[in-house]
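One structure is given here, and the rest of the page talks about it.
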């Protein structure tokens, strides 16, 4: 199956090998990629840098690609290392940079997009705003966006609904999740992805939020029993390059990367859609399960009253709190760029 997936990945993003590839100058770059344990992302990135890019360029463009966890790098450090030129290309969750600029959280607010198609639409709509912020704050160029499967609650004990999350210590990884968890009466604890399994094991946290297959491939079924699939975002990933490195590339290399990353972006979203579609099977031990491990989790359906509560908290708490962090001008731009897509509006008078 791995061979099949790699072949599909290659076919999805490969470019025609023409004479122009041979005309590219020799170019070697450094890349800090995503977590090695996030299979649906890591496989796509590894294939892209290790095989597809060299093939597309006729061997002229090559890379040193390493996973951030293997290098001992935290998510929020990736863009800073890219800014400093320690790496040319960096990949991480864009919401981890919201402490530097709340703009980065704008398309992945807790409960904003309830399906993969909408998640991509709102992030495409917000991409110009994120690109500006990335260039201004981090001297980096945004090349592509991807996602993880929907971010949901994984818990050590039984959960029947939102009411059962009250009073529990819940791992989150961005401010919008904190807003939501605290609004339902939980205690939010910010924690890096790689630290969650031992934290759940020792009872430092009772529940933790991550993707439906991200947790699966990282071994979370070994330390949790229940999944409550109330969506708190999609852990949107950025693919960025140091702007100084980019400006050093001749036009033909820039054109090569722009074309390649457009295809990588399509493939990342397609792979995540496949992964998300198989998540329930993997987590409950059924087939097909090609991008995860079969587990024995209990998935608790979200009730209609909890769905209504989710929507209300998204509008009244999550949007308003984010608007206050980002400012009135930012919120007005969000209303124009994303609000029209999702049919919501940040009440500027409350900011």
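Residue numbers (my numbering): 2 to 352. Ideal placement from N, C-alpha and C gives every residue a C-beta, glycine not left out.
Beta bridge pairing from DSSP links residue 31 with 65.
As DSSP reads the structure, residue 91 sits in a beta bridge with 33 and 241. Distances from the alpha-carbon of residue 158 to those of 107, 228 and 94 put 228 closest. Residue 145 is not a Cβ neighbour of residue 64, given a cutoff of 9 Å.
Residue state for residue 250 is assigned as coil, using DSSP reduced to three classes.
By the criterion of a C-beta distance shorter than 6 Å, residue 66 is surrounded in its chain by 32, 34 and 50, once the five residues flanking it on both sides are discounted. For residue 202, the enclosing alpha helix (DSSP H) stretches over residues 197-203. Here DSSP, grouped into helix, strand and coil, assigns residue 75 to coil. Within the same chain, no residue comes within 8 Å of residue 248 by CB-CB distance, once the 5 residues on both sides are set aside. A direct Cα-Cα distance of roughly 9 Å separates residue 143 from residue 129. Relative to the Cα of residue 326, the nearest Cα in the group 22, 147, 55 and 110 belongs to 110. Closest option to residue 274, judged by alpha-carbon separation, among 260, 259 and 292: 292. At the C-beta level, residue 154 and residue 171 come within 9 Å of one another. Here residue 163 is buried. Its C-beta has 16 or more other C-beta atoms within 10 Å. Of the residues 268, 340 and 180, the one whose Cα lies closest to the Cα of residue 148 is 268. Inclusion of residue 134 and residue 88 in the CB contact set at 9 Å is not warranted, their separation being larger than that value. In the structure shown, residue 347 adopts coil according to DSSP, grouped into three states. When C-beta atoms of the segment 75-91 are compared with those of the segment 299-315, fewer than three pairs fall below 8 Å, so the two segments do not count as touching. Contact between residue 222 and residue 298 holds: CB atoms are separated by about 5 Å, below the 8 Å threshold. Contact between the segment 226-246 and the segment 110-122 is present: 3 or more CB-CB pairs across the two stretches fall below 8 Å.
Every unbroken stretch of the beta strand (DSSP E) spanning 3 or more residues and falling wholly within the segment 99-152 is given here in chain order: 141-147. Counting of Cβ neighbours within 10 angstroms places residue 121 among the buried residues, the total reaching 16 or more. Counting along the chain, no beta strand (DSSP E) covers residue 52, and no H or E run does either. Restricting attention to 198, 333 and 106, the CA atom closest to the CA of residue 156 is found in 198. Straight through space, the alpha carbons of residue 255 and residue 313 are spaced by roughly 44 Å. In this structure, the alpha-carbon of residue 338 lies about 10 Å from that of residue 332.
At least 9 Å separates the beta-carbon of residue 76 from that of residue 44. Comparing alpha carbon positions, the residue from 48, 213 and 311 closest to residue 261 is 48. Per DSSP, residue 264 has no beta-bridge partner at all.
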